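Inspection log for the structure reproduced underneath, given as structure tokens.
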Amino acid sequence: MTRALLLAGLSLGIFTASAAAQSPHGGHHAPTAGPSAAAGQTDPLCTPDHAAMGHCTPAADSPADTSGGAGTDLPAGNAPAPPPPRDWYADRYFPKAEMDHARHAMMVENGGQRVGFVSLNLAEYQARKGRDAFRWEGEAWYGGDIHRLTIKSEGETVFGEGVEAAEAQLLYSRAIGPYFNAQAGIRQDFGHGADRTHAVIGVEGLAPYWFEAEGALFLSDKGDLTARIEGSYDQRITQKLILQPMAEVNLAAQDAPESGIGAGLSEIELGLRLRYEIVREIAPYVGFEWAHKIGASARFARADGEEVDSLGIVAGVKLWF
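Per mature numbering (1 follows the signal peptide of the UniProt record, and there is no 0): the sequence shown = residues -19 to -1, 1 to 302.
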């Protein structure tokens, strides 16, 4: 009895499925894809299975581009710029007088301060044939980044004979660029030669490739025009050991027998010094220096019983503070 009922039910199910497949209206009861699915089927990223289940949503239509750009790619426009602020934000919360004082101190500490510097580039004993000497060269200045008052001095004292030649300069120095200063002032000569006062105009600074360079013109109270060009370079061997070649050239527009100077190229000096920086401010050194008088200057030197060529071994110390 049970077996007969199962066979009858199975036969009825097979007949119903076959009739539905053959009927032209058999698909009327199947679920249809909604607008979302239909639109999703046009999306290349939407698979047919997801579209049939209504999981795909149509992409929103982009509004018409009326601005001529999108994102940060926008036209410049012609609207006026907002007015710049005319007050300090901190003044809204702190007393204005105190903030004015703080701002002034900040400006001074960031380029507006005045400082001083003293440097003794050469302070050395020179061992030369029959005429040992002491030589010095240094400068000091006070001021800011643009304007400075500068004092320079150099000279040579021969042991047993006194000061052979010395000079002092008082200069106004003004920055004309990041690396160079223009200078103008006066120079006073001392020593065995004629005591002359000169007007000075020159330039000094740091040339490309870290060469220290200096050049100046001197016009004396007697109308003598002379010039001097100097240069040096610090070649670091280690962080503390430095080899410094130096060169100096002196020129004159006319003969000045009282000062032992001849017209044209009158004298050249070459030096080489090896120094060791114990600290940055103190650096003892050793080296040698050679000087040679040329032309009429050599003739004046011979007439005074002086050597035309001078070669000396030097030992000294470089200081700054």
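Heads up, the beta-carbon is just placed ideally off N, CA and C, and yes, glycines get one too.
Please read these numbers as outputs of a predicted model, since none were measured by experiment.
I'd like the span of the beta strand (DSSP E) that includes residue i, first residue to last.
i             : result
lysine 133    : 128 to 139
arginine 116  : 114 to 124
histidine 179 : 178 to 188
threonine 207 : 206 to 214
proline 226   : 222 to 233
Taking residue i as part of the alpha helix (DSSP H), name the residues at either end of that continuous run.
i            : result
aspartate 81 : 77 to 88
arginine 283 : 277 to 284
Quick check on DSSP: helix, strand or coil for residue i?
i             : result
alanine 149   : strand
alanine 57    : coil
glutamine 22  : Residue placement at glutamine 22 is poorly supported in this model, since its pLDDT is 45, which falls under 50; the coordinates still yield a value, given next. It is helical.
tyrosine 106  : strand
glutamate 195 : strand
aspartate 68  : coil
aspartate 170 : strand
alanine 156   : strand
arginine 217  : strand
alanine 163   : strand
alanine 32    : helix
isoleucine 93 : The amino acid at residue 93 is misidentified as isoleucine; the sequence shows glycine. Glycine 93 falls in the helix class under three-state DSSP.
Among the options, which one has its Cα closest to the Cα of residue i?
i              : options                        : result
arginine 116   : Ala104, Trp122, Ala264, Tyr123 : Ala104
isoleucine 182 : Tyr160, Thr207, Gly158, Lys203 : Thr207
valine 184     : Tyr190, Glu195, Gly174, Thr178 : Glu195
residue 304    : Arg261, His85, Ser100          : This structure leaves residue 304 out entirely; the chain is present only between -19 and 302.
tyrosine 70    : Pro63, Ala62, Asp81            : Asp81
arginine 109   : Asp290, Leu300, Lys299         : Asp290
glycine 141    : Met88, Asp113, Tyr74           : Asp113
valine 144     : Lys221, Asp170, Leu232         : Asp170
tyrosine 266   : Pro66, Ser240, Glu250, Leu222  : Leu222
Mark residue i as exposed unless 16 or more other C-beta atoms lie within 10 angstroms of its C-beta, in which case mark it buried.
i              : result
asparagine 91  : exposed
alanine 60     : exposed
leucine 152    : buried
aspartate 202  : exposed
residue 309    : One cannot answer for residue 309 here, as it falls past the ends of the chain, which runs -19 to 302.
proline 16     : Model confidence at proline 16 stands at a pLDDT of 45, short of 50, so the residue's coordinates are unreliable; what they give is reported in the following sentence. When all chains shown are included, proline 16 counts as exposed.
aspartate 285  : exposed
aspartate 176  : exposed
glutamine 107  : buried
lysine 274     : buried
glycine 21     : Note on glycine 21: pLDDT 40, under 50, position unreliable in the model; the coordinate value appears next. Buried, by the Cβ-count rule.
threonine 219  : exposed
glycine 204    : exposed
valine 295     : buried
isoleucine 242 : buried
glutamine 216  : exposed
arginine 168   : buried
Subject >> Whole runs of the beta strand (DSSP E) within the region 242 to 301, excluding any shorter than 3 residues >> reply: 245 to 257, 263 to 274, 290 to 301
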